[in-house]
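In case it helps, UniProt numbering puts the sequence shown at residues 2 to 105.
In what follows, a single structure is set out as structure tokens and then discussed.
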Amino acid sequence: AYVVTENCIRCKYTDCVEVCPVDCFYAGENFLVINPDECIDCGVCEPECPAEAIFPDSDDRATPWLEVNSKYAAVWPNITRKIDSMPDADDWKDKPGKEAMLSP
Ligand code: SF4
Ligand code: F3S
């Protein structure tokens with residue numbers, strides 16, 4: 002499965018959701034997740050993210066986020082269409098330490 006990681010937080014560009022063939026993205030207040038059980042590993046979302054926040058679970062950068070994606074995919078609503086990015090998304094892109102800012 003592919004998973005969404007830290008750099009999505011406070012950016013939430015949502016380009017990723019438009020291309021997913023199985024609509025397995027779920028939206029929180031300032032972060033998106035993929036349901037790893039629904040993802041079919043097609044990989045098309047990865048290059049769509051302007052923040053480069055999406056990685057396959059085989060990538061070390063994805064490992065700590067797999068559980069986060071599973072957890073929130075179970076409770077957040079499904080999202081299938083692009084919406085406006087977060088205010089100041091471009092300012093928050095690539096900032097370190099965003100994990101603590103994730104709104105549950
Ligand atoms: Fe959807 Fe494919 Fe991305 Fe998985 S890899 S979340 S199936 S677009
Ligand atoms: Fe987040 Fe990138 Fe999608 S910032 S909402 S994973 S396009």
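Note that the Cβ used here is the ideal one computed from N, Cα and C, for glycine as well.
Nearest neighbour of residue i, chosen from the options [CA to CA]
i           : options            : result
residue 105 : 9, 21, 22 and 76   : 76
residue 57  : 37, 101, 92 and 96 : 37
residue 6   : 41, 43 and 63      : 63
residue 22  : 61, 68, 29 and 35  : 35
residue 85  : 98, 95, 19 and 4   : 19
residue 43  : 98, 28 and 24      : 24
residue 88  : 9, 2, 4 and 3      : 9
Which of helix, strand or coil DSSP assigns to residue i
i           : result
residue 103 : coil
residue 9   : helix
Unbroken beta strand (DSSP E) run spanning residue i, endpoints
i          : result
residue 57 : 55 to 57
residue 34 : 33 to 35
residue 3  : 3 to 5
Extent of the continuous alpha helix (DSSP H) to which residue i belongs
i          : result
residue 17 : 16 to 20
Quick one: which unbroken beta strand (DSSP E) runs of 3-plus residues sit fully inside the region 23 to 96? Chain order, please.
-> 26 to 28, 33 to 35 and 55 to 57
Please list, following the chain, all residues that have a C-beta closer than 7 angstroms to any non-hydrogen atom of the ligand SF4.
-> 2, 3, 17, 20, 21, 22, 23, 25, 26, 35, 40, 41, 42, 43, 44, 45, 46, 47 and 55
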